[in-house]
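Protein chains in written order, with this note's numbering: chain A, 16 to 336; chain D, 184 to 422.
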């Protein structure tokens, strides 16, 4: 797979939650293909900015931690997101900066101490052929990444074209991801709120929810005081990212990036994209609360965040240390 | 005229709307969903990130940082008004593409459909009659989902409607033609599944290497054509 002279990253140790991703696969949901893509978009975009890539460049999403890579040829990398201890040839190095690896250098990410997902970007991006416009891996569909399969230890991921910034770039500590003991997650109330009833909408926001261990990229399963639902049958309908499904047991499931495209459970609403970024960093046991926002409020927050992030990306690209 | 509470437009998420065209799903509603899908795609182009038609509804996911929702709502309301006018004049049957009819070959046999014999027995039908009932019905694609390329076809004749298996199979071969209650489908890829298997369709419905990657679209009409073993093998069917 590697061409001579082309740099690559050798996967010395990986786990099933180490996956090639980008911003997602769009336009094929009508064929049953989910959007995939990075769960925490903000962290992923910062990783790509640090190595001077476009926001859409393929990178690695790493869940849990305890993974190790080594450079084949010179590679510039950056790691953002969850707090995973980062070691370069056995010595601690900072996350949120560009790091130049020479041939044979080993980079190790320890178990996450806070947060759920790290993003590892390489300058030039991983040179992986996109499927329907995206390299996003969806293992359930067997699509994207490397032949739709889990990454194999001992294999190499080729790195594309340019060799990245000559100078070290970094993100100030105050802008880095920091885990919170309890997250407040914004959502927009949705189509079946009337069916579910106003009392349920209130109770849903009063409840304290705990992230369950059987959560994955498809859905985040939560547990709190169960909501009382009347039995009802619904025709299956399209599901969007962040949709909060309520199966008959009254315990919500938030649809994450690998969610199924249609389904027949009632939905109380959908978590906003900013809320998904935060959920993407919550691990089993994490406590959550939900707060309804109007669609207009959600748009305002999203625009403000986009302006902040775009400015930060520009600053990173222009920064000298 | 009775008061109609449809169509309805609902918020689904910060960047998505759900449009319900009716309370139930039937071929007319399906062709309206299909028409609406084509129109919004034409009018909004790249501002739409994804469009998911299903039974009686259409989910629109749009680029909410570029497109103002009030503008989107105006566009949808105009289209819904046009649709209402067309439906009154019964023009909707002429909606483009909704007239597509696709024939899929199927080798009905116990070697490709392990539930064929049991289902015939359950409904006190001969295997011949079961095959005839399943293959004479004209189905429509009501939704695509569950897995890439998995098309939900409705409706199966009540005489052969059969509930899902109590315990799903861990491995259903690609191409398996199956029924669950009053729906039928072709498994696009080998996967776990709880539907009752009647036979196998040797034509690959979903192939990412091909353009378009999927033969069927929501709204298409589908009929199964029984084929013999030799024809099945000639078309590339596996045993």
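Glycine residues also receive a C-beta, built at the ideal position from the N, C-alpha and C atoms.
Predicted model, so just to flag it, every value in this text is computed and none were measured.
When we look at the beta-carbon of residue 354 (chain D) and count the other beta-carbons within 10 Å, is it buried (16 or more) or exposed?
It is exposed - the Cβ of residue 354 (chain D) has fewer than 16 other Cβ atoms within 10 Å.
Local conformation of residue 193 (chain A) per DSSP, three classes
DSSP places residue 193 (chain A) in coil when its eight states are reduced to three.
Going by C-alpha to C-alpha distance, which of A:82, A:128, A:36 and A:44 sits closest to residue 297 (chain A)?
Looking from the CA of residue 297 (chain A), the closest CA among A:82, A:128, A:36 and A:44 belongs to A:128.
Listed by chain order, chain D residues near residue 41 (chain A) by CB distance under 7 Å:
Correct list: 232 and 233.
The region 29-43 of chain A / the region 214-225 of chain D touching (three or more Cβ pairs under 8 Å)
No, the region 29-43 of chain A is not in contact with the region 214-225 of chain D.
Coil, strand or helix - residue 315 (chain D) by DSSP
Note: residue 315 (chain D) maps to helix in three-state DSSP.
Out of curiosity, what's the CA-to-CA distance linking residue 328 (chain D) and residue 20 (chain A)?
Near 43 Å, if we compare the C-alpha coordinates of residue 20 (chain A) and residue 328 (chain D).
Partner residues on chain D for residue 152 (chain A), Cβ-Cβ distance less than 9 Å:
Here the premise fails: no neighbours, minimum Cβ distance about 14 Å.
Would a check of beta-carbon distances place residue 355 (chain D) closer than 9 Å to chain A?
With 9 Å as the cut-off, residue 355 (chain D) does not count as an interface residue toward chain A.
Given residue 134 (chain A) as reference, the closest of A:167, A:70, A:326 and A:180 once Cα atoms are compared
Answer by Cα proximity: A:70.
Return yes when the Cβ of residue 289 (chain D) is within less than 9 Å of the Cβ of residue 382 (chain D), no when it is not.
Taking the C-beta atoms as reference points, residue 289 (chain D) is found nearer than 9 Å to residue 382 (chain D).
Where residue 155 (chain A) and residue 268 (chain D) are concerned, what is the direct C-alpha to C-alpha distance, given to the nearest angstrom?
Residue 155 (chain A) and residue 268 (chain D) have their C-alpha atoms some 43 Å from each other.
Check the Cβ-Cβ distances between residue 208 (chain D) and every residue of chain A, and say whether any is below 9 Å.
It does; some Cβ of chain A falls within 9 Å.
With the cut-off set at 9 Å, would you say residue 320 (chain A) and residue 289 (chain A) are in Cβ contact?
Cβ atoms of residue 320 (chain A) and residue 289 (chain A): closer than 9 Å.
In the DSSP output, what is residue 247 (chain D) paired with across the bridge?
Looking at the DSSP assignment, residue 247 (chain D) forms no beta bridge with any residue, so it has no partner.
According to DSSP, what are the bridge partners of residue 233 (chain D)?
For residue 233 (chain D), which the question treats as bridged, DSSP gives the partners D:244.
Secondary structure at residue 415 (chain D), three-state DSSP: helix, strand or coil?
Of the three classes helix, strand and coil, the one that applies to residue 415 (chain D) here is helix, per DSSP.
Sequence-distant residues of its chain with Cβ nearer than 6 Å to residue 277 (chain D) (five each side left out)
With a pLDDT of 47 at residue 277 (chain D), under the threshold of 50, the predicted position of this residue should be treated as unreliable, though the coordinate-derived value follows. No residues qualify anywhere along the chain.
Residues of the region 172-203 of chain A with Cβ closer than 7 Å to any Cβ of chain D, in chain order
Answer set for the region 172-203 of chain A: 203.
In terms of DSSP beta bridges, what is residue 21 (chain A) paired with?
Paired residue(s): none; residue 21 (chain A) is not in a bridge.
Positions along the region 306-317 of chain D whose CB lies within less than 7 Å of some CB in chain A:
Within the region 306-317 of chain D, no residue qualifies.
Could you say if the region 367-387 of chain D and the region 406-422 of chain D meet the contact criterion of at least three C-beta pairs nearer than 8 Å?
Here the region 367-387 of chain D makes contact with the region 406-422 of chain D; the two share three or more CB pairs at distances below 8 Å.
Could you give the C-beta distance for residue 47 (chain A) and residue 39 (chain A), rounded to a whole number, given that I count them as a contact under 8 Å?
Going by Cβ atoms, the distance from residue 47 (chain A) to residue 39 (chain A) rounds to 15 Å, so no, they are not a contact pair.
Interface residues of chain D around residue 314 (chain A) at Cβ under 9 Å?
Ordered by position in chain D, the residues that pass the 9 Å Cβ test against residue 314 (chain A) are 197, 198, 247, 248, 251 and 252.
Let me confirm a value: residue 238 (chain D) is counted as buried when at least 16 other C-beta atoms fall within 10 Å, else exposed. Which label applies?
When all chains shown are included, residue 238 (chain D) counts as buried.
Below-9 Å beta-carbon distance, residue 318 (chain A) vs any chain D residue:
Interface residue, yes.
Beta-carbon neighbours of residue 288 (chain A), restricted to chain D and to distances below 8 Å:
Under the 8 Å cutoff, chain D gives 197 and 198.
Let me know the secondary structure DSSP gives residue 325 (chain A) once reduced to three states.
Reduced to three states, the DSSP call for residue 325 (chain A) is helix.
Got a sec? Which residues, its chain only, sit under 6 Å from residue 284 (chain D) by beta carbon, not counting five neighbours each side?
Around residue 284 (chain D): 404.
Who are the near neighbours of residue 264 (chain A) in its chain, counting only those whose CB is closer than 8 Å to its CB and skipping five residues on each side?
Closer than 8 Å at Cβ, skipping near neighbours: 241.
Classification of residue 255 (chain A) by the beta-carbon crowding that lies within 10 angstroms, buried from 16 upward
Under the 10 Å beta carbon count, residue 255 (chain A) is surrounded by 16 or more other beta carbons and is classified as buried.
Using a Cβ cut-off of 8 Å, pull out every chain D residue sitting near residue 158 (chain A), in sequence order please.
Correct list: 331 and 391.
Thinking C-alpha only, which one of A:216, A:105, A:79 and A:207 is nearest residue 306 (chain A)?
It is A:216.
Span of the alpha helix (DSSP H), counted from its first residue to its last, around residue 267 (chain D)
That run of the alpha helix (DSSP H) goes 252-271.
Mapping DSSP to helix, strand and coil, what is residue 102 (chain A)?
In the structure shown, residue 102 (chain A) sits in a strand (DSSP, three-state: E or B).
Do you know offhand how far residue 193 (chain A)'s Cα is from residue 68 (chain A)'s?
Taking the straight line joining both Cα atoms gives about 24 Å.
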